[in-house]
Structure formats: structure tokens, C-alpha cells
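Here's the structure, in C-alpha cells; my notes come after.
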Amino acid sequence: MVEFSDIKGFTFDLDGVITDTAKFHEAAWHDLADDLGIEWSAEIGNHLKGISRMASLDMILATDPQGKQYSQEEKQQLADKKNAHYRTLIATVTPDDILPGIKSFLDDMLDKGYTASVASASKNAPSILEKLELTSYFVGIVDPATLTHGKPNPEIFVKAGELLNLQPSQIIGLEDASAGVEAIKGAGQTALGIGSAAKTANPELWFDKTENLTLNNIKKQLSV
1 MVEFSDIKGF
11 TFDLDGVITD
21 TAKFHEAAWH
31 DLADDLGIEW
41 SAEIGNHLKG
51 ISRMASLDMI
61 LATDPQGKQY
71 SQEEKQQLAD
81 KKNAHYRTLI
91 ATVTPDDILP
101 GIKSFLDDML
111 DKGYTASVAS
121 ASKNAPSILE
131 KLELTSYFVG
141 IVDPATLTHG
151 KPNPEIFVKA
161 GELLNLQPSQ
171 IIGLEDASAG
181 VEAIKGAGQT
191 ALGIGSAAKT
201 ANPELWFDKT
211 ENLTLNNIKK
221 QLSV
């Protein structure tokens with residue numbers, strides 16, 4: 001395991017780490033499933049976390065008991081419909097929606113000279129960060145349009161690390177999903193998992209909730 005003194009930057013997932021927009025994603029997908037006559041379940045909702053829009057749509061359509069087939073154009077229309085609904089929901093986001101402890105962690109991180117970037121599969125990440133008033137904390141956001149693979153492929157965290165201009169061994173990646181933790185590990189960064197879902201992928205560092213995330217607590221775990 002790396003030494004705390006080696007760490008110079010952080011790559012952040014967005015949903016479930018900085019804010020919880022997963023509830024908006026789930027509401028929008030749930031409504032789309034209802035429109036298509038597909039029965040929704042909590043299991044579907046859990047499996048959608050951390051994966052791309054089209055992958056999420058394919059997963060939902062695969063549960064259709066009628067097995068209806070859609071063309072790529074029809075799928076794109078469905079995905080666009082879901083995203084339009086999602087964007088109306090996230091329009092209500094404010095700085096009050098930042099998860100507990102994250103703002104103070106970001107403040108301390110910048111004060112101590114660390115840099116950070118965002119590795120989110122969401123094309124809405126820039127607008128969400130703007131509504132949270134957190135844009136200035138990050139040197140950049142990976143553009144999902146430049147990605148060939150989704151998590152657990154490490155591509156997005158590799159690109160997030162490149163935005164920091166640091167070596168992977170100098171970076172800690174933060175995730176709340178097992179696929180994301182696997183992606184961080186694959187990118188050669190130190191994985192910090194938050195919550196029970198992330199723990200299943202055995203991250204090097206782990207916190208049960210965001211309010212326990214501090215530089216001092218990270219240092220303690222790396223020193224064990």
C-alpha cells in the first residue's frame with residue numbers, strides 16, 4: 001500500500017460520493033419502465049448504479065417479459081426521454097444536496113495543496129457540480145463522450161488521473177459502487193470505497209459514510 005505522503009490528488013465519482021443524484025436517476029428510469037409496461041424492482045435500481053445511460057436502458061429492456069426488441073434509434077429516443085425527465089429533476093439541486101462531510105473534505109484538500117478531478121459516467125456532471133457550487137474545486141471533469149468503455153473498465157479513472165498530471169500511485173480514487181472500485185484499481189490508483197456496495201470490491205481504504213471522510217482518517221488507514 002502507498003504511503004500517505006505519496007498522495008498528491010484525488011479522482012472523484014459523483015453520484016453517491018459528492019451528492020446523491022442516484023435517487024433522481026432511479027425515479028426517471030422507474031417512470032420510463034412504467035411507460036413501457038416493465039415492472040420495476042429494487043434489484044433493477046441497485047444494478048443501475050455507476051453504469052452508463054445506454055447500459056442502464058439495455059438492462060431494463062432485458063427484463064421486459066414480452067421481450068420486445070428496439071432499434072438503436074428507438075433506444076436512443078428512450079434514453080433521451082429518460083434524460084430529459086432526469087434533467088427536470090436535477091434542476092432542483094442546490095449546495096444543500098452535497099453529501100455530509102464532502103464540502104469540508106474538499107476545503108481541507110485544497111488548503112493542503114491537493115488537486116482533484118471528476119470521473120463520472122454522467123453527461124450531466126458539469127451542470128450538477130455548477131448547481132452544487134463545487135466546480136472550482138476540480139481541475140477537470142472527464143467527458144463521457146470520449147470513453148469507449150464503462151466501469152468496471154478503468155478507462156474513466158485513467159483519464160481522470162491524466163487530468164491531474166499525476167502518476168497513478170499518487171492518486172486516491174473515491175467510489176460508492178463496486179464497479180467503480182474495480183475501475184480505480186485497474187487504473188493503478190488507490191481505491192477508497194464509501195458505503196456497503198463499495199466494500200464488496202475490497203478497496204484499499206473504506207468508510208461507511210461520507211462524513212467520516214477526512215485527510216486525517218485516510219492517513220490513519222494508510223498507516224495501519
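Taken in order, the sequence shown gives residues 1 to 224; the numbers are from the UniProt record's numbering. Using N, Cα and C, we set each Cβ at its ideal position, and we do this for glycine too. From a predicted model like this one, the values you see are computed outputs, not experimental measurements.
Cα-Cα separation between residue i and residue j, rounded to whole angstroms
i, j, result
"E26", "L61", "15 Å"
"I128", "T11", "17 Å"
"A42", "P126", "28 Å"
"Y70", "A91", "30 Å"
"H30", "K220", "41 Å"
"F24", "S122", "12 Å"
"Y4", "V118", "Residue 4 is actually Phe in this sequence, not Tyr. Spanning the two alpha carbons is a distance of roughly 21 Å."
"residue 252", "D107", "With the chain represented from 1 up to 224, any question about residue 252 goes unanswered, as that position is not in the structure."
"A191", "L32", "34 Å"
Three-state secondary structure (DSSP) of residue i
i, result
"W206", "strand"
"S52", "coil"
"T135", "helix"
"L106", "helix"
"I38", "coil"
"D15", "strand"
"G150", "coil"
"G140", "strand"
Whether residue i touches residue j by CB criterion (8 Å)
i, j, result
"E175", "D6", "no"
"residue 229", "L57", "The chain is shown only over 1 to 224; residue 229 falls outside these bounds and no answer can be derived."
"P168", "E133", "no"
"L222", "K8", "no"
"L164", "V142", "no"
Chain C contact for residue i (CB, 8 Å cutoff)
i, result
"H30", "Chain labels in this structure do not include chain C; a single protein chain is all it has."
Identity of the residues DSSP links to residue i by a beta bridge
i, result
"A116", "F10"
"G193", "E175 and W206"
"G180", "In DSSP, G180 forms no bridge with anything."
"I98", "T19"
Segment contact, 8 Å Cβ cut-off, at least three pairs: the segment 155-165 with the segment 180-200
Contact between the segment 155-165 and the segment 180-200 is present, because at least three Cβ pairs lie under 8 Å.
Counting Cβ pairs, one atom from each stretch, are 3 or more of them under 8 Å apart for the segment 138-155 and the segment 168-183?
In short, these stretches touch, since the Cβ pair count reaches three.
Looking at C-beta atoms only, is the number of pairs between the segment 89-104 and the segment 202-219 that lie closer than 8 Å three or more?
With the cut-off at 8 Å, the segment 89-104 and the segment 202-219 touch.
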